[in-house]
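As given, the protein sequences belong to chains A and B, one line each in that order.
Under the working numbering, the first residue of the first sequence is numbered 138, with each subsequent residue one higher.
Under the working numbering, the first residue of the second sequence is numbered -10, with each subsequent residue one higher.
Just so it is clear, CB atoms sit at the ideal spot from N, CA and C, and this is done for glycine as well.
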Amino acid sequence: MKDNTSIEGAVSTDLKHDSAEKHVTGTASYIDDLPLPENTLHAYLGLSDVAHARITGMDLSAVRIAPGVVGVLTADDIPGSNDISPTGLNDEPVFPTDKVQFWGQPLFAVVAKTRDAARRAAALAKMSYEKLPHALDPVEAIEKGYPHVTAPLKLERGTVADAMANAPHRIKGRMHVGGQDHMYLEGHIALALPGEDGDVEVYTSTQNPTEAQHMVAHVLGVPSNAVVISVRRMGGGFGGKETQMNLFCAVAALAAKKWNQAVKIRPDRDDDMSATGKRHDFVNDYEVGFDEQGRILAVDGTFAARCGFSSDLSGPVTDRALFHADNAYFYPNVRLRSRPMKTNTVSNTAFRGFGGPQGLIIAERIIEEIAYALGKDTLEIRRLNFYGDDGRDVTPYHQKVEDNIMPRVVDELEQSADYQARRKAVLDHNAKGGIIRKGIALTPVKFGISFTATWFNQAGALVHVYNDGSIHLNHGGTEMGQGLNTKIAQVVASAFEVDFARVKITKTTTEKVPNTSATAASSGSDLNGMAARDACNQIKARLIKFASDTWNVDEADVQFTPDGVQIGDQTHAFPDFIKQAYMARVQLSAAGFYKTPKIHWDRETGTGHPFYYFAYGAAVSEVSIDTLTGEYQVDRTDILHDVGRSLNPAIDKGQIEGAFIQGMGWLTTEELWWDKQGQLRTHAPSTYKIPLASDRPRIFNVSIPEWSENREPTIKRSKAVGEPPFMLGVSVFEALSMAVASVADYRECPRLNSPATPECILMAVERLKHQTA
Amino acid sequence: MTARKEIRFILNDHDVALQAVGASDTVLDYLRLERRLTGTKEGCAEGDCGACTVLVGRMHEGILRYEAVNACIRFLATLDGCHVVTVEHLSGASGSLHPVQQAMVDCHGSQCGFCTPGFVMALYALWMQNPDPSEDEIETALQGNLCRCTGYAPIIRAAQTLSHSGNPANDFLMRERETITARLADLADGRRVEVEKNGDRAILPADVDDLAQVLAENPKATIIAGATDVGLWVTKFLRPVTPAIFIGHLEGLKRIDVTDTHITIGAGVSYSDSQSPLTEAYPHLAEYWNRIAGWQVRNMGTVGGNIANGSPIGDAPPVLIALGAEITLRHGQSQRRILLEDFFIDYGKQDRAPGEFLESIHIPLMPPDSLHAAYKISKRRDEDISSVAAGFNVTVVEGRITAATIAYGGMAATPKRAAQAEAAIVGQAWGEAAFIAAGAALANDFTPLTDWRASAEYRLKSAQNLFRRFYLEKGESAQPARLVRA
């Protein structure tokens, strides 16, 4: 029952996703659901079937004459620049002209009257190649002298060589960290409509409309103002649609202009997974020096990534791996180096965590190494090494950790999950020596929030109040399921003290808010929420002045109350008040803006304050493994994850649960497998296995610390939530490791590589059994 | 009787009759492109993600029954005589949410929303069959649906709250059951159906005798039962299947007969329908059967198809070979019966002549002193293709192993018996030593391949270890030797 004391859908309430009812009824429109303009054409990509070769011939005659085909697009059809490299390194052609650089690389597009006709025709191309030797993974690439795709980074503090030499204990190791396909349920897609003056409008599923706009303009050779990109919602993004949609937008736009008709492009799932980038796999070498108690004295690490054939976002991704190679731990002396290796594979890209997880897992591996070496619980080693007060609060990039709540989060979770008693029960179970072994692990996450490219930390919003009191909200962020629009509309509803239903959420489009950043780096609510609030505040200031002038009261006596405005002792219904403001010619529209304060970063020296704040969390997972087959299951997970003061606890919990399962998938069953010829063979859900309902822990307790609030003045003191909980999946990985270690009485760190498939587990069990036999 | 040249079905509440239908036309393309029913999504076009889940209702033994299926690999021609229900049909005329939809909204069961209509339809199918499902049953019903956003917990909660959301007996599909049954009866004229589009021909024989005749006339035709494999030939490999003979509708191939000596299941019986008679006789198959593909695929796919396509990684053959199953092959009016294990000759080669079809599968009932096990090892527990599958059938008399039939899938070019391993245990006393020896002998039976599912080394090692599991599970100590989802 609605009362007059509060609005519906204010911030901090468990409002459902704004599109929830449309989702469940199938009426939420994705790009492929849009009604098509008459005679819309369909484009399909022709892909390479070699990993590395010089192109000696491309015979498209059979493609051109195939039924339904209107024509083909090749590099020759590009009026502007044949380049879609997002960081401007000019290393990523739309269509290559001289060399194929990975299996599945788009070589041309065919345009036909139907998608089916285009797809069938694309398979008829006759390519001639002169094959070249290829390197598929970073180790092979280093051995073969392949270059970095972008400049590597070094973070250094203290004197690593001396500290290492003087350390009572030293351990060296290598860990292979697997990549991950995004497996968004909605694949890549773009629909381009030609306009007058050579303009083009593209409806697409991108996390980065502004970049898509710039790329399309760049490829077409037109200014940015000739291109409009719009997206209402994505069927999942996870980073996979941050840069990877640029190709599809460019091809659709090229074709739309060439034939002056609407053109849609949607690859089949297998082509989508073959032709677009994924999470980077890494091969990480580490050395740690530590004392008798297990306190870390020095860490030296090298992080070599499979970047693929071009740079894409590999620079900032590999940078972020280094930024998180400390996780929550203080390294008194440290040297971390990235090696962003070129390989003959698809160019890897952003994926939730953006390299952070691949760095963080090395911190956790180091903790494991120390714990097994000293015969202690990993939790004890973690506590010993957490960031602390003065002197133990500086990161490898010289930023101080000023908001550290890690110990409190871990202490509370240890209690609520009953960690100690359960760990003992696990040890007792394993001591019986059966086939089924158990493991339990509590792992923490500290994650830095902000784009490390400082200029991306800006956002805009556009808010209109129409003269009937209805509100139109637009901002630069994109909705991919994370509930961003819901949260921002809550911010706007709260700003005006109106019901959520009064706020209309509208599609993201480059026509309304320009020069936006990707909805990425977990930043969507932080940046766009503040920009929307700025817009609201501008309008409110005008309204307050209007009320003060008109009713002759102090501005302090004008209050926004639930669905109304109190002026002196009188309360006006919101629509009536707005109508009066309109009649008095008050501007009821505002463009809001926000830029994150405090942050700076000098990549040359590896120093600065790249992160505005940190988000914290921890998880305890308990697993069982079958030592005969390597099969396993997650029996229980407890999570305590910090989101500051939540804008919407229901949505935040959804992000935490979903991120955990996705992180678990990354480290368990999600295996990318290339054959020797360089073809990715796990390119569809039949072969690439993301978690199912039956893989999730049945006991799954997820909490948000109610006491937490962001010490920085973020929107309503909330914290970013998209990426940080992804890394809670490490608790499953480490619990599996403990279960494996039990077969050798925990005397040895099992050194699992990821993903820890059943095969990986069985082989580790066998290895440990033989080593100790 | 001349063939009917159109297919007829009910789509939501509309009668549909189509003449121009190609064998390779899919239900999903029809819904999305022809009817603009865009609530049903394409996520993978290979039956692995469930975003395209719709309900298909068909008369079976006189009763109208709805099943969740994947529209992406379901061929349009097979809808003849069916009632298709899409997500658009669920909301009331007033736009009010169906209880399944309301539960998903209330539990925050959607994030990006793309998989959501598929989940709604799978949950709806479950709710109609089982309004108060256990967590096991919910997970089983959702094996064929991928969600990348939520991590599933809120969807499971939605399924659990559904049991408090009214009685499915009052649901609209139940209330309209008689009307729909009558309308479907009007569509069924007992005639063969032949439709085509641009030379792509689909034939739906009138009955099994008609099938025999049609196939004799078109010996090179593609026989399609559940289409869970052939569907991918079309959607992934763009391979022509014309002329296609569809058999999934033939009641004569859907019979299940249980005698004192055998269970005989028709070649057109789905995994789902074969589950209950098979697992009643052989409880060891219960868990295994639920791990074959996902629910939608089990509703469509047939045991006969799993055998007839000759795949080395089909899940049914190894466990049925272990049970000594036989099959009947039919050509025209003549039939022959062979051991299932003899059907598989080599990779891509089976003992089936042109014009011949698999008619039924006979599974002998065993004396109670035989010990059985069915094992599946896969990268992901559910809805995954086996790295290794195995059927064990071991007879022990007075502490001595007197007979053993052990078959493996995923270890060779065909599903195949482990002859050396069998020989290693037959005649031995029941004991760990015999099973360790058998495991060692298995290395002489198989030289498995390395692929993206598993390495050769892992396949062999885990296959060998299954002997130890069998020994431990069947021995007196009955030590837990596999995971149980608690």
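**Study point:** Contact with chain A by ASP95(B), beta-carbon distance below 9 Å
**Key:** Locating residue 95(B) in the second sequence gives position 106, counting from the first residue. Cβ-Cβ to chain A under 9 Å: yes for ASP95(B).
Exercise for review: Answer yes or no: do VAL383(B) and SER349(B) have a C-beta to C-beta separation smaller than 9 Å?
Suggested key: Stepping through the second sequence from its first residue, residue 383(B) is reached at position 394. Stepping through the second sequence from its first residue, residue 349(B) is reached at position 360. No, the pair does not count as a contact, with Cβ atoms beyond the cut-off.
Check your understanding: How big is the Cα-Cα spacing for ASP565(A) and LYS906(A)?
Key -> For the purposes of this step, residue 565(A) is taken as residue 428 along the first sequence, with counting starting at 1. For the purposes of this step, residue 906(A) is taken as residue 769 along the first sequence, with counting starting at 1. Straight-line Cα distance between these residues: approximately 19 Å.
Practice item. Could you name the residues of the same chain whose beta carbon sits closer than 6 Å to that of ILE504(A), not counting the 5 residues immediately before and after it, in chain order? Key: Here residue 504(A) corresponds to residue number 367 of the first sequence, with the count starting at 1. Around ILE504(A): THR515, ILE518, ARG519.
**Study point:** Cross-chain neighbours of TRP441(B) in chain A, by beta carbon under 7 Å
**Key:** Here the question's residue 441(B) lines up with position 452 in the second sequence. Residues of chain A passing the Cβ test: TRP810, ARG818, THR819, THR824.
Review point. By Cβ distance below 8 Å, which residues in the same chain neighbour ALA638(A) in space, the five residues on each side in sequence not counted?
Key: Residue 638(A) sits at position 501 when you count from the first residue of the first sequence. Contacts found: GLU145, GLY146.
**Study point:** Whole-angstrom distance between ALA165(A) and LYS159(A), CA atom to CA atom
**Key:** On the first sequence, position 22 is the one that residue 159(A) refers to. On the first sequence, position 28 is the one that residue 165(A) refers to. Near 5 Å, if we compare the C-alpha coordinates of ALA165(A) and LYS159(A).
Check your understanding: Which residue's Cα is closest to the Cα of PRO204(A): ALA258(A), ASP169(A), LYS153(A)?
Key -> As a first step, residue 204(A) must be located in the first sequence, where it is residue number 67. Comparing Cα-Cα distances from PRO204(A) to each of ALA258(A), ASP169(A), LYS153(A), the minimum goes to ALA258(A).
**Study point:** Exposure label - LEU899(A); buried when at least 16 CB within 10 Å
**Key:** Position 762 of the first sequence, counted from the start, is the residue given in the question as residue 899(A). Classification for LEU899(A): buried.
Check your understanding: Going by Cα to Cα distance, which pick from ARG181(B), ALA158(B), CYS101(B), PHE235(B) is closest to GLY374(A)?
Key -> Working through the first sequence from its first residue, we reach residue 374(A) at position 237. Per the Cα distances, CYS101(B).
Practice item. Within the same chain, show all residues whose beta-carbon is closer than 8 Å to that of ARG252(A), passing over the 5 residues directly before and after it, in chain order. Key: Sequence index remark: in the first sequence, residue 252(A) carries index 115 (1-based). For ARG252(A), where only same-chain residues beyond five positions count, the Cβ hits under 8 Å are HIS179, TYR181, LYS401, ARG403.
Practice item. Mind checking the stretch 826 to 851 of chain A against chain B and listing, in chain order, the residues whose C-beta falls within less than 7 Å of any C-beta there? Key: LYS826, ILE827, LEU829, ALA830, SER831, ASP832, ARG833, ARG835, PHE837
Practice item. Check the Cβ-Cβ distances between LEU765(A) and every residue of chain B, and say whether any is below 9 Å. Key: Position 628 of the first sequence holds residue 765(A). Cβ-Cβ to chain B under 9 Å: yes for LEU765(A).
Check your understanding: Exposed or buried, GLU506(A), counting other C-beta atoms within 10 Å across all chains shown (16 or more means buried)?
Key -> For the purposes of this step, residue 506(A) is identified with residue 369 of the first sequence, where counting begins at 1. Its Cβ being crowded by 16 or more others within 10 Å, GLU506(A) is buried.
Point to revise | Span of the beta strand (DSSP E) around SER444(B) | key: The residue you call residue 444(B) lines up with position 455 of the second sequence. Taken as a continuous stretch (DSSP letters only), SER444(B) belongs to no beta strand (DSSP E), as it is neither H nor E.
**Study point:** Top-ranked residue by Cα proximity to ASP434(B), from LEU449(B), THR170(B), ASP440(B), PRO301(B)
**Key:** On the second sequence, position 445 is the one that residue 434(B) refers to. With distances taken between Cα atoms, ASP434(B) lies closest to LEU449(B).
Check your understanding: Can you name the start and end residues of the alpha helix (DSSP H) that GLN595(A) belongs to?
Key -> Locating residue 595(A) in the first sequence gives position 458, counting from the first residue. Run containing GLN595(A): none in the alpha helix (DSSP H); it sits in the beta strand (DSSP E), 595 to 602.
Review point. Of the residues ILE676(A), TYR731(A), GLU692(A), which one's Cα is nearest the Cα of ASP663(A)?
Key: Working through the first sequence from its first residue, we reach residue 663(A) at position 526. Residue TYR731(A) is the option with its Cα nearest to ASP663(A).
Review point. Is the stretch 448 to 464 of chain B touching the stretch 758 to 767 of chain A in the sense that three or more CB pairs, one from each, lie closer than 8 Å?
Key: yes
Check your understanding: In chain A, which residues lie with their C-beta within 7 Å of the C-beta of ALA432(B)?
Key -> Here residue 432(B) refers to the residue found at position 443 of the second sequence. The premise fails here: ALA432(B) is roughly 15 Å from chain A at the closest Cβ pair, so nothing lies under 7 Å.
Point to revise | Length of the line joining the Cα atoms of GLN350(A) and GLY618(A) | key: Here the question's residue 350(A) lines up with position 213 in the first sequence. Here the question's residue 618(A) lines up with position 481 in the first sequence. Going from the Cα of GLN350(A) to the Cα of GLY618(A) covers about 22 Å.
Check your understanding: Since LYS153(A) meets chain B, which of its residues come closer than 7 Å, beta carbon to beta carbon?
Key -> Here residue 153(A) refers to the residue found at position 16 when the first sequence is read from its first residue. Here the neighbours are VAL94, HIS97.
Check your understanding: Of all the options TRP811(A), TYR283(A), ALA390(A), which has the alpha carbon lying nearest to the alpha carbon of ARG442(B)?
Key -> The residue labelled residue 442(B) in the question sits at position 453 within the second sequence. Selected option, being the one with the closest Cα: TRP811(A).
Practice item. Under 8 Å by Cβ, that's how I've got ASP611(A) and ALA272(A) pegged, so tell me the actual separation to the nearest angstrom. Key: Walking along the first sequence from the start, residue 611(A) turns up at place 474. Walking along the first sequence from the start, residue 272(A) turns up at place 135. Residue 611(A) is actually Asn in this sequence, not Asp. About 46 Å separates the two Cβ atoms, so there is no contact after all.
Point to revise | ASN303(A) to GLU551(A) span [Cα, whole Å] | key: Indexing the first sequence from 1 puts residue 303(A) at position 166. Indexing the first sequence from 1 puts residue 551(A) at position 414. One C-alpha to the other measures close to 34 Å.
Exercise for review: Give every residue of the same chain whose Cβ lies closer than 8 Å to the Cβ of ASP605(A), excluding the five residues on either side of it in the sequence, and list them in chain order.
Suggested key: By 1-based counting over the first sequence, the position of residue 605(A) is 468. Excluding residues within five positions, the ones whose Cβ falls inside 8 Å are PRO712, ILE715, LYS716.
Exercise for review: Assess, as a yes-or-no matter, whether the stretch 131 to 139 of chain B is touched by the stretch 770 to 779 of chain A under the definition of 3 or more beta carbon pairs within less than 8 Å.
Suggested key: no
Review point. Going by other Cβ atoms of all chains shown within 10 Å of its Cβ, with 16 needed for buried, is LYS139(A) buried or exposed?
Key: Position 2 of the first sequence, counted from the start, is the residue given in the question as residue 139(A). Residue confidence is low: LYS139(A) scores 44 on pLDDT, short of 50, so the model does not pin down where it sits. Its coordinate-derived value is still stated next. LYS139(A) should be labelled exposed.
Exercise for review: Name, in chain order, the residues that DSSP records as bridge partners for GLN814(A).
Suggested key: Translated into the one-based positions of the first sequence, residue 814(A) becomes position 677. None; GLN814(A) has no bridge partner.
Point to revise | ARG137(B) (DSSP reduced to helix, strand or coil) | key: If you number the second sequence from 1, residue 137(B) lands on position 148. Three-state DSSP puts ARG137(B) in coil, outside helix and strand.
**Study point:** Status (buried if at least 16 other CB within 10 Å, exposed otherwise) for ALA477(B)
**Key:** Chain B is shown from -10 up to 475; residue 477(B) falls before or after that span and cannot be answered.
Review point. Straight-line CA distance for CYS41(B) to THR486(A)?
Key: The residue you call residue 41(B) lines up with position 52 of the second sequence. The residue you call residue 486(A) lines up with position 349 of the first sequence. So the alpha carbons of these two residues sit roughly 28 Å apart.
Review point. Can you name the residues of chain A whose CB is closer than 7 Å to the CB of CYS33(B)?
Key: Indexing the second sequence from 1 puts residue 33(B) at position 44. Within 7 Å Cβ-Cβ: ARG406, ALA821, PRO822.
**Study point:** Counterpart residues of VAL74(B) in DSSP-defined beta bridges
**Key:** On the second sequence, residue 74(B) is found 85 positions in, with the first residue counted as 1. Answer is LEU44(B), bridged to VAL74(B).
Review point. Among ARG256(A), GLU616(A), PHE446(A), THR744(A), which one has its Cα closest to the Cα of LYS236(A)?
Key: Working through the first sequence from its first residue, we reach residue 236(A) at position 99. If we check each option's Cα against that of LYS236(A), PHE446(A) comes out closest.
Check your understanding: Taking only beta-carbon atoms, is GLN381(A) less than 9 Å away from chain B?
Key -> One-based indexing of the first sequence puts residue 381(A) at position 244. Chain B, which has no Cβ nearer than 9 Å to the Cβ of GLN381(A), makes this no.
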